[in-house]
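A.B. asks:
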Amino acid sequence: MNHSKFIAKMVGCFRDGFGDLNSSFWLGNEKLHVISAQRDHQLKIDIWFNNTNDDSAYLHYNLFRISSEASKYEITLGSYTGSFEYDYMDYHRDMKFSTFDQDNDLAGQNCAHTAFHPGGWWFNACHAIMLNGIYGAPWDTGICLFQRNTLDKNCSVVAVDMKIKPL
Numbered sequence: 001m002n003h004s005k006f007i008a009k010m011v012g013c014f015r016d017g018f019g020d021l022n023s024s025f026w027l028g029n030e031k032l033h034v035i036s037a038q039r040d041h042q043l044k045i046d047i048w049f050n051n052t053n054d055d056s057a058y059l060h061y062n063l064f065r066i067s068s069e070a071s072k073y074e075i076t077l078g079s080y081t082g083s084f085e086y087d088y089m090d091y092h093r094d095m096k097f098s099t100f101d102q103d104n105d106l107a108g109q110n111c112a113h114t115a116f117h118p119g120g121w122w123f124n125a126c127h128a129i130m131l132n133g134i135y136g137a138p139w140d141t142g143i144c145l146f147q148r149n150t151l152d153k154n155c156s157v158v159a160v161d162m163k164i165k166p167l
């Protein structure tokens, strides 16, 4: 998969969607808004790790909604269940979507415009999980899970699927 296509994208790219449906793509925040505004959906994020056991884990939210472009595609998440003890998306609840050219996060700088987080996401100040980075890269640019309460991190992510399903 070519994950560099997620790096330094402008807000319009994330709004409209991009990539190859057979490998790596972003559906588009506007499509996610339209779909999730019609009825309630749930979100499941499957994450695979680079180790000898083909290890995987998931996060599940019983509600998923994306607001309109005027509201900066703010994410709403319901209750968490999943195979992780830590809710990695909790830090991103009710955050607006930030990109290389549109800073909507709560940090002192644009998280999506730094060398440390080069991709669009629902940044807070900056992230506990950011799935639009580069797989296999080090902590500063890679796709990592960051447990904010213990400062533990796992940068061995090799693949991710984010899926929504109507309730």
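Numbering-wise, full-length UniProt numbering puts 145 at position 145 of the sequence shown, and it's gapless, one number per residue.
Don't be surprised by glycine CBs; every beta carbon is placed ideally from N, CA and C.
1. Could you compute how far the alpha carbon of His41 sits from the alpha carbon of Ile35?
2. Can you give me the C-alpha to C-alpha distance between Leu63 and Ala37, rounded to a whole angstrom?
3. Spatial neighbours of Asn124 within its chain, please: C-beta separation below 7 Å, excluding the five flanking residues on both sides.
4. Kindly provide the ranges of any beta strand (DSSP E) runs that are 3 or more residues long and lie completely inside the segment 22-75, ordered along the chain.
5. Determine the contact status of Arg65 and Thr76, defining contact as a CB-CB distance below 7 Å.
6. According to DSSP, is Phe159 part of a helix, a strand, or is it coil?
7. Suppose you measure from the CA of Val158 to the CA of Phe49; what does that come to, to the nearest Å?
8. Assign Asp55 to buried or exposed, taking buried as 16 or more other Cβ atoms, counted over all protein chains shown, within 10 Å of its Cβ.
9. Looking only at its chain, what residues have a beta carbon closer than 6 Å to the beta carbon of Pro166, apart from the 5 residues adjacent to it on each side?
10. Can you give me the C-alpha to C-alpha distance between Asp87 and Ser98, rounded to a whole angstrom?
11. Between which residues of its own chain and Glu30 is the CB-CB distance below 6 Å, once the five residues before and five after are set aside?
12. In angstroms, rounded to a whole number, what distance separates the CA positions of Ala128 and Met89?
13. Assign Phe84 to one of three DSSP states: helix, strand, or coil.
14. From this set, Ala70, Leu32, Cys126, Gly133, which residue's C-alpha is nearest Ser24's C-alpha?
15. Would you call the CB atoms of Tyr61 and Leu32 closer than 7 Å?
16. Taking the alpha helix (DSSP H) that Asp105 belongs to, which residues open and close that run?
C.D. replies: In this structure, then:
1. Locating residue 41 in the sequence shown gives position 41, counting from the first residue. Locating residue 35 in the sequence shown gives position 35, counting from the first residue. Going from the Cα of His41 to the Cα of Ile35 covers about 9 Å.
2. Translated into the one-based positions of the sequence shown, residue 63 becomes position 63. Translated into the one-based positions of the sequence shown, residue 37 becomes position 37. Cα to Cα, Leu63 sits roughly 12 Å from Ala37.
3. As a position in the sequence shown, residue 124 is number 124, starting the count at 1. Closer than 7 Å at the Cβ level, and outside the excluded window around Asn124, lie Tyr91, His92, Met95, Asp105, Leu106.
4. 41-49, 56-66
5. Taking the sequence shown and counting its residues from 1, the one referred to as residue 65 is at position 65. Taking the sequence shown and counting its residues from 1, the one referred to as residue 76 is at position 76. Yes, Cβ-Cβ distance for Arg65 and Thr76 is below 7 Å.
6. Here residue 159 refers to the residue found at position 159 of the sequence shown. The sequence given here has Ala at residue 159, not Phe. Note: Ala159 maps to strand in three-state DSSP.
7. Indexing the sequence shown from 1 puts residue 158 at position 158. Indexing the sequence shown from 1 puts residue 49 at position 49. Cα to Cα, the separation comes out at about 5 Å.
8. Taking the sequence shown and counting its residues from 1, the one referred to as residue 55 is at position 55. Per the 10 Å Cβ criterion, exposed.
9. Against the sequence shown, residue 166 aligns to sequence position 166. Arg39, His41.
10. Along the sequence shown, one-based indexing puts residue 87 at 87. Along the sequence shown, one-based indexing puts residue 98 at 98. C-alpha separation (whole angstroms): 21 Å.
11. Taking the sequence shown and counting its residues from 1, one reaches residue 30 at position 30. Listed in chain order, the non-local C-beta contacts of Glu30 below 6 Å within the same chain comprise Arg15, local neighbours out to five positions each way being set aside.
12. Translated into positions along the sequence shown, residue 128 becomes position 128. Translated into positions along the sequence shown, residue 89 becomes position 89. Approximately 7 Å, taken between the alpha carbons.
13. Position 84 of the sequence shown, counting from 1, holds the residue named residue 84. In the displayed model, Phe84 falls within coil according to three-state DSSP, outside both helix and strand.
14. The sequence position of residue 24 within the sequence shown is 24, counting from 1. Checking every option, the nearest Cα to that of Ser24 belongs to Gly133.
15. If you number the sequence shown from 1, residue 61 lands on position 61. If you number the sequence shown from 1, residue 32 lands on position 32. No. Outside cutoff.
16. Taking the first residue of the sequence shown as position 1, residue 105 is located at position 105. Element bounds for Asp105: n/a, residue is neither H nor E.
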